[in-house]
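Residue numbers (my numbering): 146 to 454.
Rendered as structure tokens:
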């Protein structure tokens, strides 16, 4: 075989290999996070144990939490150090009013999926857990994946006494109100707020505090790893601090670019019509990359939510 022909064939084989490699990478883009795909756990909701169901008041989501056999066994044994191979999976569902029964909120379509996979060798820098978030189609969310993982780590670090797992098995036995409040307050790590002079805040944040001299700022690891989901999820916690201190409360990234704040609204409407008490609060948070830099909304904070001391 002529040398030129041989080299030509080798080049074509190399080119085809390169194209195949590029195709593989492209086809997995947006489908994998922390080394996991949602398809790796297809049908988990039919095979695993249902641990609990949570309703998120800030997002209006109903979240179903499942555990594979290894995770469920450790959970039932009150483990604080889960074995490798333990996996928790969560389905977040939209909710809406039942048109035939207005007092009832019913599940809608799937919004997202979340995974926590225990592998201490693979994930030594994130507490031994691998975190993965996916949309309803099994694709990763648009923000930086590393930032999302670190935000998950910072949040789950609030419950070291539970092995970094928030979800607890649903109780089907009668419980008195004091026991319910005790469970709600057992976070393991207390959230720390500090009073800050508004003049010390970054310009964008200070602009939201017109007529205000002092705010309460949430300190800790959450400041280092914020993504859009964190800004929504922290709203009830900030509202609790507003109710407790009487001052506006903020969670703000250390560079001041991202923040979420809750304020008492002097022009707010009464919450009585929504079954609550007191006056509406207003919330503002940053929107990085959007057409508008700030998102604003009013909401009612329910007195029934236990305070966290």
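Built from N, CA and C at the ideal position, the CB exists for glycine as well.
For clarity, every value in this text was computed on a predicted model and none was experimentally measured.
Rounded straight-line distance, which links the Cα of residue j to that of residue i
| i | j | result |
| --- | --- | --- |
| residue 281 | residue 352 | 36 angstroms |
| residue 354 | residue 279 | 35 angstroms |
| residue 342 | residue 359 | 5 angstroms |
| residue 215 | residue 314 | 14 angstroms |
| residue 430 | residue 231 | 35 angstroms |
| residue 218 | residue 193 | 11 angstroms |
| residue 350 | residue 438 | 11 angstroms |
| residue 272 | residue 443 | 36 angstroms |
| residue 336 | residue 378 | 14 angstroms |
| residue 213 | residue 251 | 26 angstroms |
| residue 242 | residue 254 | 13 angstroms |
| residue 307 | residue 293 | 21 angstroms |
| residue 445 | residue 387 | 12 angstroms |
| residue 173 | residue 190 | Because the pLDDT at residue 173 is just 48, under 50, the model does not fix this residue reliably, and the value given afterwards should be weighed accordingly. Rounded to whole angstroms, residue 173 to residue 190 spans 23 angstroms at the Cα level. |
| residue 277 | residue 304 | 19 angstroms |
| residue 399 | residue 367 | 10 angstroms |
Closest Cα partner of residue i within the set the options
| i | options | result |
| --- | --- | --- |
| residue 265 | 228, 309 and 299 | 228 |
| residue 269 | 288, 249 and 295 | 295 |
| residue 432 | 192, 372, 391 and 379 | 372 |
| residue 384 | 425, 347, 366 and 415 | 425 |
| residue 204 | 374, 392 and 389 | 374 |
| residue 199 | 222, 400, 179 and 240 | 240 |
| residue 211 | 442, 376 and 260 | 260 |
| residue 178 | 408, 274, 220 and 191 | 274 |
| residue 389 | 407, 254 and 188 | 407 |
| residue 404 | 189, 226 and 361 | 361 |
| residue 397 | 338, 357 and 445 | 338 |
| residue 186 | 246, 262 and 370 | 262 |
| residue 411 | 400, 402 and 428 | 428 |
| residue 223 | 244, 309, 297 and 184 | 309 |
| residue 376 | 391, 402 and 182 | 402 |
Local Cβ density within 10 Å of residue i, reported as buried at 16 or more and exposed below that
| i | result |
| --- | --- |
| residue 345 | exposed |
| residue 291 | exposed |
| residue 170 | Unreliable positioning characterises residue 170 in this predicted model, as indicated by a pLDDT of 27, which lies under 50. The coordinate reading is nonetheless provided below. Under this definition residue 170 is an exposed residue. |
| residue 180 | exposed |
| residue 301 | buried |
| residue 382 | buried |
| residue 393 | buried |
| residue 441 | exposed |
| residue 257 | buried |
Supposed close pair residue i, residue j - CB separation, criterion 8 angstroms
| i | j | result |
| --- | --- | --- |
| residue 235 | residue 208 | 5 angstroms |
| residue 206 | residue 237 | 5 angstroms |
| residue 312 | residue 197 | 5 angstroms |
Bridge partner(s) assigned by DSSP for residue i
| i | result |
| --- | --- |
| residue 285 | 279 |
| residue 243 | 246 |
| residue 259 | 235 and 278 |
| residue 197 | 210 |
| residue 126 | It is not possible to answer for residue 126, since the shown part of the chain is limited to 146 through 454. |
| residue 252 | 240 |
| residue 479 | This structure leaves residue 479 out entirely; the chain is present only between 146 and 454. |
| residue 386 | BP columns for residue 386 are empty, so no partner. |
| residue 441 | 429 |
Neighbour flag for residue i against chain B, beta carbons, 8 angstroms
| i | result |
| --- | --- |
| residue 266 | Protein chains in the displayed structure number just one, and chain B is not present. |
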